[in-house]
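Here is the structure we will look at.
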Amino acid sequence: MIRSFRLGQKVQRLISLADQLKPANTPYLKDKCYRLLDIHSDSEDFNTAASCLNNDGVPLQLCLTSSNKGMSMRIIADPGAYHSDPEQRYSSSIDTLLYFIDESQSSELKEIATKTIDMLLPDNMDERKIYKQGFVWIGVSPQKPGIAFYLEMAPLKHEKGWLRVENWLMHILPNTNEAIVIINKLKKYCIVASAGLEGSTLENSRAKIYFRMRDSYNFADLKEIDLFSSEAMKDFMTIATAQYDVDSDGMVMSIGFNLLTGVLVDVKTDLCGHCLRYSPAEWSSVIATLSKRYSISSPDMELILNSKEYQIAFIGLGLTIDHTPRLNIYIKHGSQIGIPESDEISGALKDSMRYLIAVQNKNGSWDDYFLPVGQSDQWVTAYAAQALAQYGKRSGNIDALNAAKKAAEWLSDNRSYQSGWGFNAATGPDADSTGMAVALFDELDLPVNEEDRLFFRRHWKEGECIATYTEPEAWASGHWDVTPWGYHGMLPEDKKTFLAPFQSALGANRMHTGFWRSYWWRNPYYSTFITLEVLDKLGMEEPHEAYSYDPSQIQIDNAFDLACYIGIECLRQYPNQKIGAHIRALLNWQADNGQWYGSANLRVTDNFCYEPWNNPSGTYYEDRKSIITNATVMRVLSKTIASKTPLNSEIMYNWM
Numbered sequence: 001m002i003r004s005f006r007l008g009q010k011v012q013r014l015i016s017l018a019d020q021l022k023p024a025n026t027p028y029l030k031d032k033c034y035r036l037l038d039i040h041s042d043s044e045d046f047n048t049a050a051s052c053l054n055n056d057g058v059p060l061q062l063c064l065t066s067s068n069k070g071m072s073m074r075i076i077a078d079p080g081a082y083h084s085d086p087e088q089r090y091s092s093s094i095d096t097l098l099y100f101i102d103e104s105q106s107s108e109l110k111e112i113a114t115k116t117i118d119m120l121l122p123d124n125m126d127e128r129k130i131y132k133q134g135f136v137w138i139g140v141s142p143q144k145p146g147i148a149f150y151l152e153m154a155p156l157k158h159e160k161g162w163l164r165v166e167n168w169l170m171h172i173l174p175n176t177n178e179a180i181v182i183i184n185k186l187k188k189y190c191i192v193a194s195a196g197l198e199g200s201t202l203e204n205s206r207a208k209i210y211f212r213m214r215d216s217y218n219f220a221d222l223k224e225i226d227l228f229s230s231e232a233m234k235d236f237m238t239i240a241t242a243q244y245d246v247d248s249d250g251m252v253m254s255i256g257f258n259l260l261t262g263v264l265v266d267v268k269t270d271l272c273g274h275c276l277r278y279s280p281a282e283w284s285s286v287i288a289t290l291s292k293r294y295s296i297s298s299p300d301m302e303l304i305l306n307s308k309e310y311q312i313a314f315i316g317l318g319l320t321i322d323h324t325p326r327l328n329i330y331i332k333h334g335s336q337i338g339i340p341e342s343d344e345i346s347g348a349l350k351d352s353m354r355y356l357i358a359v360q361n362k363n364g365s366w367d368d369y370f371l372p373v374g375q376s377d378q379w380v381t382a383y384a385a386q387a388l389a390q391y392g393k394r395s396g397n398i399d400a401l402n403a404a405k406k407a408a409e410w411l412s413d414n415r416s417y418q419s420g421w422g423f424n425a426a427t428g429p430d431a432d433s434t435g436m437a438v439a440l441f442d443e444l445d446l447p448v449n450e451e452d453r454l455f456f457r458r459h460w461k462e463g464e465c466i467a468t469y470t471e472p473e474a475w476a477s478g479h480w481d482v483t484p485w486g487y488h489g490m491l492p493e494d495k496k497t498f499l500a501p502f503q504s505a506l507g508a509n510r511m512h513t514g515f516w517r518s519y520w521w522r523n524p525y526y527s528t529f530i531t532l533e534v535l536d537k538l539g540m541e542e543p544h545e546a547y548s549y550d551p552s553q554i555q556i557d558n559a560f561d562l563a564c565y566i567g568i569e570c571l572r573q574y575p576n577q578k579i580g581a582h583i584r585a586l587l588n589w590q591a592d593n594g595q596w597y598g599s600a601n602l603r604v605t606d607n608f609c610y611e612p613w614n615n616p617s618g619t620y621y622e623d624r625k626s627i628i629t630n631a632t633v634m635r636v637l638s639k640t641i642a643s644k645t646p647l648n649s650e651i652m653y654n655w656m
């Protein structure tokens, strides 16, 4: 499993929200949250996809409840989500549950809770291996006695899950006549999701079963259970889904049976907040309407809905047997929509670094792209390692630096050519791969053979710039997109000799739009970014000639191009709001595992094509492992510094 620093950040922000929402005189709430998760306060990350408590893998949730008793809050956690080993996760989960049964003043339930664990979860290690997303969710109040816990049943599938629930109820309830009748109805239409207990004493506790609708069935099929077909429940469904449909996957229902009598005492229906795509104002209206309908206090949702950081995960209505309502609103960390600050960018970078290291070969190399000449290892390795080296030096991250050094060692020890490096060992050396490899060694302060620096002099085409190859045809002409880093990698005396030709080519290859020509890429954003990047490193200015283009005509649909464009904006000091909006889009494209997906941007231009920026001819290829894309994003974001203005009113983005 890949660990996610961003998940850790979301957990910390949810804990901070809980601290803001907590009732007065509620000390140690943060400590309680950490203990529920079974983590230390300085824990930074969690395994991706290790929890299904929320749809983004965050193992923490807040529940706000409004009823005729007033307002209350519960903290719901999926403990042990940082464990990769199922048995460690199991031990963490059960130990945490037993601890909180006592801590929540619910010790009277300990014996029946232990029986519940034994009867609902597999009793041997091999059977527990199928539990990939945890074993139990635990909910407690910051100040009131009582516990709610729900053991995961979905891995057991339909038949086995219901069989375990049925046997469990027969062992813990004094009378199961009503329960078995209801379970037999539910088995036809529903899949059991979880089961457990809610309460603090035997007298006030319930055996709870959560379930979802099976394929081809819908909520109306629950009409045989009176509370689900009541007017109160119908009104909830009508009001909550006024503008949007919620399919069966977006609904979770539950029933509860009293532990002392065995009779049905309540039902609940929860609707997915992600399916109900309401704006903050619309959510406020829906919640106010529901509160008025059931004559309960309307929760104050302003802090949550206006934060641009939190979302409603579920909204639910519970009804007791006497039709007493309670409204539950479940809060999760949401997809952020504001201008990104430095901590969010840092989290994204750390997760991207982990992705790159996870797909690095044991020998230190990377490989990507599937071309007729084979995969690239030399070029891809140099490119990825340079990005990690830049990030590692900027952030002080030892893992990134070690991965870059291991890659540099592989490039140094596995030479295919007398001088220079290539796409792979069969393609011959080229100026682009060599430029990236030399840049990597320079970044790490490693020695570079003189022959490798002389490579660029030999590839300089008089009156043009650096050629990628020495043959054939157009591939041996000057290509601007390999020239900036090639010039940067030259011997000091060659830089002086070629300064004037470099400056001449710099002006000649810039188009009227202000972008530089690109021979090997679909769009000119990469060639323009690396030009400005190298000019910045060399302390040189770009040409002063005016250029113009219409930003509204630029349509970017992939992370590689967007990252390059953000780099251009930062280096040219575009307005902060524009840069921030583009960084927000880029961060929201990042996958849970830290990856930004690749696209078919690399063009293997036909060797008879000399001006692909005017009339492109060639085949486009995607970096299927996303290595070049992720490395490019890291190159840009690791040098984009977000800071507050002196008056703390807005974010500024500066190129480091």
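Its first residue numbered 1, the sequence shown is counted upward by one per residue in the working numbering.
Ideal Cβ positions, reconstructed from N, Cα and C, are used throughout, including at glycine.
Remember, it's a predicted structure, so these values are computed and weren't measured experimentally.
Starting from residue i, trace the beta strand (DSSP E) both ways and give me its first and last residue.
{"i": "TYR150", "result": "147 to 152"}
{"i": "SER395", "result": "Careful: SER395 lies outside any beta strand (DSSP E), inside the alpha helix (DSSP H) at 378 to 395."}
{"i": "PHE314", "result": "310 to 320"}
{"i": "LYS332", "result": "325 to 333"}
{"i": "ASN306", "result": "Premise fails: ASN306 is in no beta strand (DSSP E) and is neither H nor E."}
{"i": "CYS272", "result": "264 to 272"}
{"i": "TYR653", "result": "651 to 655"}
{"i": "LEU371", "result": "368 to 371"}
Provide the residue span of the alpha helix (DSSP H) that contains residue i, from first to last.
{"i": "ILE112", "result": "110 to 120"}
{"i": "GLY70", "result": "Premise fails: GLY70 lies in the beta strand (DSSP E), 70 to 77, not in any alpha helix (DSSP H)."}
{"i": "THR427", "result": "Here THR427 belongs to no alpha helix (DSSP H), and DSSP marks it neither H nor E."}
{"i": "TRP659", "result": "Lying outside 1 to 656, the shown extent of the chain, residue 659 is not represented and no answer is given."}
{"i": "PHE529", "result": "525 to 538"}
{"i": "TYR99", "result": "86 to 103"}
{"i": "MET511", "result": "Here MET511 belongs to no alpha helix (DSSP H), and DSSP marks it neither H nor E."}
{"i": "MET350", "result": "The sequence given here has Lys at residue 350, not Met. Run containing LYS350: 342 to 358, per the alpha helix (DSSP H) assignment."}
{"i": "PHE455", "result": "450 to 458"}
{"i": "VAL560", "result": "A small correction: the amino acid at residue 560 is Phe; Val does not occupy that position in the sequence shown. Here the alpha helix (DSSP H) through PHE560 covers 559 to 571."}
{"i": "LEU290", "result": "280 to 293"}
{"i": "LYS362", "result": "Segment: none, LYS362 is in no alpha helix (DSSP H) and carries neither H nor E."}
Assign residue i to buried or exposed, taking buried as 16 or more other Cβ atoms, counted over all protein chains shown, within 10 Å of its Cβ.
{"i": "ARG624", "result": "exposed"}
{"i": "HIS479", "result": "buried"}
{"i": "TYR355", "result": "buried"}
{"i": "ALA403", "result": "buried"}
{"i": "HIS40", "result": "exposed"}
{"i": "ALA24", "result": "exposed"}
{"i": "SER92", "result": "buried"}
{"i": "GLN670", "result": "The chain is shown only over 1 to 656; residue 670 falls outside these bounds and no answer can be derived."}
{"i": "LYS110", "result": "exposed"}
{"i": "VAL136", "result": "buried"}
{"i": "GLY463", "result": "exposed"}
{"i": "ARG522", "result": "buried"}
{"i": "GLY318", "result": "buried"}
{"i": "THR528", "result": "buried"}
{"i": "PHE560", "result": "buried"}
Verify the contact flag: residue i, CB atom, against every heavy atom of the ligand MG, threshold strictly below 7 angstroms.
{"i": "LEU440", "result": "As presented, the structure is devoid of all ligands, the ligand MG included, so that no description of it is given."}
Between residue i and residue j, how many whole angstroms is the CB-CB distance? I'm expecting something under 8 angstroms.
{"i": "ILE255", "j": "ILE209", "result": "6 angstroms"}
{"i": "PRO27", "j": "ILE75", "result": "Between ILE75 and PRO27 the Cβ distance is about 15 angstroms, and since that is not below 8 angstroms, they are no contact."}
{"i": "PRO524", "j": "TRP379", "result": "Incorrect: roughly 20 angstroms between the Cβ atoms, too far for contact."}
{"i": "LEU327", "j": "ILE304", "result": "Contact doesn't hold; Cβ gap of about 15 angstroms is too wide."}
{"i": "PRO472", "j": "ASN607", "result": "5 angstroms"}
Going by alpha carbons, who is nearest to residue i out of the options?
{"i": "ILE638", "options": "GLU650, GLN360, ASN654, ILE628", "result": "A small correction: the amino acid at residue 638 is Ser; Ile does not occupy that position in the sequence shown. SER638 has its Cα closest to that of ASN654, out of GLU650, GLN360, ASN654, ILE628."}
{"i": "PRO340", "options": "ASN25, LEU14, PRO27, MET652", "result": "MET652"}
{"i": "ILE2", "options": "ASP561, HIS459, ASP351", "result": "ASP351"}
{"i": "VAL11", "options": "ASN68, ASP78, PRO23", "result": "ASP78"}
{"i": "SER548", "options": "ASP557, GLY514, PRO174", "result": "GLY514"}
{"i": "MET656", "options": "ALA476, TYR391, GLY422, ALA600", "result": "TYR391"}
{"i": "ILE554", "options": "PHE5, MET540, HIS582, GLY539", "result": "HIS582"}
{"i": "VAL448", "options": "LEU411, ALA426, LEU538", "result": "LEU411"}
{"i": "GLY334", "options": "LEU29, THR96, ARG277, PRO484", "result": "ARG277"}
{"i": "TYR131", "options": "ARG89, CYS564, ARG510", "result": "ARG89"}
{"i": "LYS63", "options": "ARG584, ALA148, PRO86, THR114", "result": "Per the sequence presented here, residue 63 reads as Cys, with Lys not at that position. Cα-wise, what sits closest to CYS63 is ALA148."}
{"i": "SER433", "options": "LEU290, ILE287, GLU302, PHE455", "result": "PHE455"}
Task: Every unbroken alpha helix (DSSP H) within the stretch 124 to 181, with a cutoff of 4 residues, ordered by chain - done: 125 to 128, 157 to 172
Task: Ranges of the beta strand (DSSP E) found wholly within the stretch 200 to 251, counting only runs of at least 3 - done: 206 to 213
- [ ] For the stretch 582 to 640, list the alpha helix (DSSP H) runs that are entirely contained and at least 4 residues long, ordered along the chain.
- [x] 627 to 637
Task: Entirely enclosed alpha helix (DSSP H) segments - the stretch 12 to 81, minimum 4 residues - done: 29 to 37
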